[in-house]
Amino acid sequence: MGDPSAVWGTIGVGVERLHAALPVMSNSRDALATITSLNDLANACGAAALLSGPVPLAVSRAFAGLGGCLAEGSASLRHRQLQPNYNASTANRVMFFEAQAISQAFAMMLGLLESQALQLAEADWIRLLTAAVVPLEVMLPQLRSLRAEVLQGSRREAAVEMLHRHVWCASKPVYALLSLLTPPCEVMPSRAAALLAATSLKPQKLAPWVCAISEATCAYMTVTNSYVPPYTTLIPVLRNLLAADTCPGLRAVVHAQAEVQVQVVRLCARCFVLPEAQWEAALADGERCIMLLEVVETMANECCTEGRRAWEAGSIRAGRATLLATAGSLAAHPRLAAAQERREQAGLMAACLELTASLAHDVLQLFLEVEGQQLPASLLQRAEGLLCQLGGPGGLPLLCQLAGEVAEAAGADAGRGAAAGRRPGFGGMCWGEFPMEWFNTLNSWCLVLPRFDLSACIRTPGVHAAACRAAEALLRLAPLLPRQPAWQPGPGGERVWRTAATAVAAAGGALPLILRRDPDAPGTLAAMMSVGVPKLAAALLVAPSTPPSHASASPESAAASYRALVTACRYTHALAPHQHACSTAQDRRPGEAGRAGALPVPVSAPDAPEVFVTEPTLGCVAECLDRAAVLALQLNAAMLQQVPPGEQEPYVRSAGVGGRMECCLLLYLAALPALPRLPAGAQIRAALECGRCSVLLRMLNEQALTLWRLLLGEGGTAAVAGVDTRCLLADMAYRGLEAHFYSLLPTLANCDLSAFTTPLTMLERAAELEPSLIAALARHNTLLRMLGGLGGTLADVARPGGELAAQALPIYEQRSSLLRRLVPHLPIDPSQQDEVRHCVEGCLEAEYARNRRSMEVLCDVADAQLAKEAREAAAEQAANVPRPRRPPLSPEGRQLAERRARALALLKCANPRCSRLEGASEAAAPRGRLCSGCRTVRFCSEACSQQEWPQHRAACRLLRAPPPNG
């Protein structure tokens, strides 16, 4: 280490030499000698940093004088630069070296001050900080001049070397200044810091510096064929400058100057878009991963939107790799996944997902700008690329996978926040080391999800497949949200990390947070994502606008849509125990309980996991289910068209790909009873319920008609199918009529009555397929009451002179046609037969009073039938009458049992009501164990096997085969 007095003496001599050299630099040789002295002094200062004890007073005074000398030199440089005849390209070379010397000395003194090896009085601080003008202003024209020389090729080697040194000297002092101004560093006096922020570091001066330093560094890296900046501290400088709280106002200035954004993104892209041959080594290097992480965070900043747009547009035109494709490929790279237990690699993976969200936001902004106009081909190409990326391995499936690891790491330690970080892997590291970074990644997606609608770009099978994969990942992400990190204010005002479920519960629930719209409130992020995630999934599940054809589907898209439907059904069943959050007893009409199907759905479960359930969430999930069913059936029907006509029936009945269409229908019907009823006043209720009737009508007209006939038949189909399809259709029709009825009733004077047609047409079509359905409809009391109430309302609006008479008459006739078929199956008292006949056959335009009274009679018939059923059930319960044994299945019932089992054999778990959502895709979910009886279907757990056994029993006997060993 040497003698301390000798070290301090060397430093003192070095400072005195600089005192003498700085003011009299008149040529390049003097400037280079000064730089050499600076290097020697910096080495001596490094040795002094290892010494203990105070700095000698003489040395401190010498440094204080050196600060004044730097201030005078910088003022002289600035004065010469402002002369009218100054031109950076032709200026005396001594100014280049002089600026380098002053900037280097300035950086050295800032480093000593930061390490607190040197202390200055406030007046000396203020004098020293005037030297900041050199790297921030004086060197900028020189940087641009050197960059032009480098790119033009004149004096290339000398210019490249000088540019290299200039970049360092222009960036190092700024890095030191930011370190001094960033808490908890409190070395700089407050008055000096305020003066610095108001002069040299004000946004209007920093923005040109950011632009020039980025431009020059990128030029140097281009000509030297390098993908790493000459000084890696430059990237953290740019990232910190663009942070929200580092330099207030700079982000707004940069956001308004597209050229600055372009240069920043160009530099970052040079570091980020690597040749594939370099990925392996770069991702294995921890320091390189840290640099890439800082690069990604800089590009993802919201103030760089125009820069990202320009780079992506130029990349598409030039045919080079885009930021979006690179982010996806990098995030899904095997090397990164293999090393994700290291903080650098894990952080880079999360940052790539955040950049993908920012790039998705940019595309959405472009869509909003051309809203109502014809979409340019280039924009459609970008949107299709975005959808393919979102469904790719580095897109939403990866986000879901990582969120699952975070949720698993939360586990039982969820309420204690970071204590859960003891667990290994990405999830444990997230809780323990960087919850804020993962929180920001989720927050970036939260800003994108509610505005996401690229349905116009889903036109080809490949894009369809990617959109389905993305939707499936989103639906699997939704149940994981309650176990993601969220912060709560601690006792001292600091952020304490808890699970989102804890934060939302402390705030009074998810819905108040959504309505409050305060993004800074704890738990708001997860509450908003609980709506945005299923909303985006619904937007991605877009059925082809044209009828199914060979060109509208591919094996990949058909399989992806099938997996999306499986996931939508499982998510619907997962929400069933939480229906009490938005569905109350007051929302149910008398006699409605138990009419949704043969298998009851639990209303509440005390041990069910925490799930954010709100009215908007339930509406989006219901829409997801309907859209997924339509899309899966359409694409698989299009695949069926590729089979010769004579082979289609065996193809559909097979247990392979052909059985997917029947499996899709069975899954959808099994999920419908689990759909919660939205409150009567919900605005989206009418559209959802009537839309579901349209979906069912479309299926009844187009898909799996043989299976529909079996499901609607009488041969024990309810016991085999797992749901009473007859009662289910009646209930869906009732819900569609009721939702539209109560939504339009307050404004009946000017409403549209045509929506009543769809539920009635659906019932008529089902009765055409299976005439015996009429008898089952006659026993659905709530449907009868609704038909009676609907007739009364139509009688009201069709009174002579009414504005809606023309709309009401066709609907009334359609309702009457259905009633004519129901009446013979009703237990009507002889004294009421005349009124019921008039209710069915009476003319709507005449005898208004009698028409109104006859509608009430029909409602009385339904009430009497309901009361009779209730009395019989109570008597059987009081007498302890044993349940009758299930009658043997008819041939149609056995055929349905076998077809259903072969269709469900395509699932990882053959229980249609299974709610397990493990992994980012159904394709990656673990396969269940084979049924020991039939060895055809699989179940993921004993609970699923027991729940499905009443329906599987018959098929198990039919499919039972001898063991493989005889």
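Numbering (the UniProt record's numbering), first residue to last: 1 to 966.
In this text, a Cβ means the ideal position worked out from N, Cα and C, and glycines have one as well.
Run of the alpha helix (DSSP H) containing residue i, from where it starts to where it stops
i: Thr305; result: Thr305 to Ala318
i: Phe612; result: Unbroken run through Phe612: none, as it is neither H nor E.
i: Phe367; result: Arg343 to Glu369
i: Gly462; result: Pro461 to Leu477
i: residue 1000; result: In this structure the chain extends from 1 to 966, so residue 1000 is not present and cannot be described.
i: Thr761; result: Thr757 to Leu769
i: Arg899; result: Pro891 to Leu904
i: Val448; result: Pro435 to Val448
i: Arg335; result: Pro334 to Ala338
i: Tyr220; result: Pro203 to Val223
i: Ser817; result: Ala805 to Leu822
i: Leu274; result: Neither: Leu274 is in no alpha helix (DSSP H) and is coded neither H nor E.
i: Tyr227; result: Run containing Tyr227: none; DSSP gives neither H nor E here.
i: Thr572; result: Pro555 to Leu575
Cutoff 6 Å; reference residue i; Cβ partners in own chain excluding five residues on either side
i: Leu336; result: Leu283, Gln345 and Met349
i: Leu729; result: Ala766
i: Ala470; result: Leu390, Gly391, Leu396 and Leu540
i: Glu294; result: Ile235, Pro236 and Arg239
i: Tyr571; result: Leu475
i: Trp125; result: Pro189 and Ala192
Residue i: first and last residue of the uninterrupted beta strand (DSSP E) it sits in
i: Val496; result: Arg495 to Thr499
i: Gln488; result: Pro485 to Pro489
Neighbour-count burial assignment, residue i, 16 or more Cβ in a 10 Å radius
i: Met436; result: exposed
i: Gly286; result: exposed
i: Leu57; result: exposed
i: Ser604; result: For Ser604, the predicted model reports a pLDDT of 35, less than 50, meaning its position is unreliable; a value from the coordinates is still stated below. Burial call: exposed.
i: Ser817; result: exposed
i: Val370; result: exposed
i: Arg309; result: buried
i: Ala781; result: Looking at the sequence itself, residue 781 is Asn, so the reference to Ala does not match. So Asn781 counts as buried.
Identity of the residue in the options nearest residue i by Cα
i: Glu922; options: Ala559, Leu678, Gln807 and Gln204; result: Ala559
i: Thr460; options: Glu98, Ala486 and Ala543; result: Ala543
i: Leu399; options: Leu206, Cys211 and Thr356; result: Thr356
i: Arg698; options: Ala910, Ala327 and Arg765; result: Arg765
i: Glu738; options: Thr793, Leu353 and Leu565; result: Thr793
i: Leu379; options: Ala313, Gly372 and Asn636; result: Ala313
i: Gln401; options: Leu917, Ala954, Leu959 and Arg927; result: Leu917
i: Ala176; options: Phe106, Leu146, Gln204 and Leu242; result: Phe106
i: residue 968; options: Ser945, Leu809 and Val861; result: There is no way to answer for residue 968, as the model of the chain reaches only from 1 to 966.
i: Arg165; options: Leu180, Glu149 and Leu143; result: Leu143
i: Cys247; options: Val133, Ala194, Arg685 and Val363; result: Ala194
i: Arg343; options: Cys289, Ala327 and Val295; result: Cys289
i: Pro827; options: Trp445, Ala778, Tyr571 and Ser530; result: Ala778
i: Ser103; options: Lys172, Gln488 and Ala148; result: Lys172
i: Met139; options: Ala192, Ala216, Glu149 and Arg191; result: Ala216
i: Arg191; options: Ala207, Ala121, Ser214 and Glu149; result: Ala121
i: Ser214; options: Arg935, Thr232, Pro482 and Ala325; result: Thr232
i: Ser60; options: Pro84, Leu112 and Arg17; result: Leu112
i: His617; options: Ala527, Leu70, Met162 and Gly508; result: The sequence shown places Thr at residue 617, not His. It is Ala527.
7 Å Cβ shell around residue i - same chain, five flanking residues per side excluded
i: Arg726; result: Leu712, Leu773 and Ala776
i: Phe63; result: Val15, Met109 and Leu118
i: Tyr562; result: Ala632, Asn636, Arg660 and Cys664
i: Ala629; result: Leu565, Cys664, Tyr668 and Val695
i: Gln204; result: Val253
Distance cut-off 7 Å: residue i Cβ against heavy atoms of the ligand FAD
i: Gly490; result: Absent from the structure shown: the ligand FAD. Ligands present: none.
Own chain partners of residue i with C-beta closer than 8 Å, once the 5 adjacent residues on each side are dropped
i: Gly490; result: Val496
i: Leu700; result: Trp708, Met762, Arg765, Ala766 and Leu769
i: Arg270; result: Cys218, Met221, Thr222 and Tyr227
i: Leu196; result: Leu129, Ala132, Leu177, Leu181 and Met188
i: Lys908; result: Glu922, Ala925, Pro926, Arg927, Gly928, Arg938 and Cys940
Integer-rounded CB distance, given that residue j should sit under 8 Å from residue i
i: Val160; j: Pro230; result: Actually they do not touch by this definition, with Cβ atoms about 10 Å apart.
i: Cys693; j: Ala733; result: 6 Å
i: Pro522; j: Ala486; result: 6 Å
i: Val363; j: Gly307; result: Actually they are not in contact, since the Cβ atoms of Val363 and Gly307 sit about 15 Å apart, beyond 8 Å.
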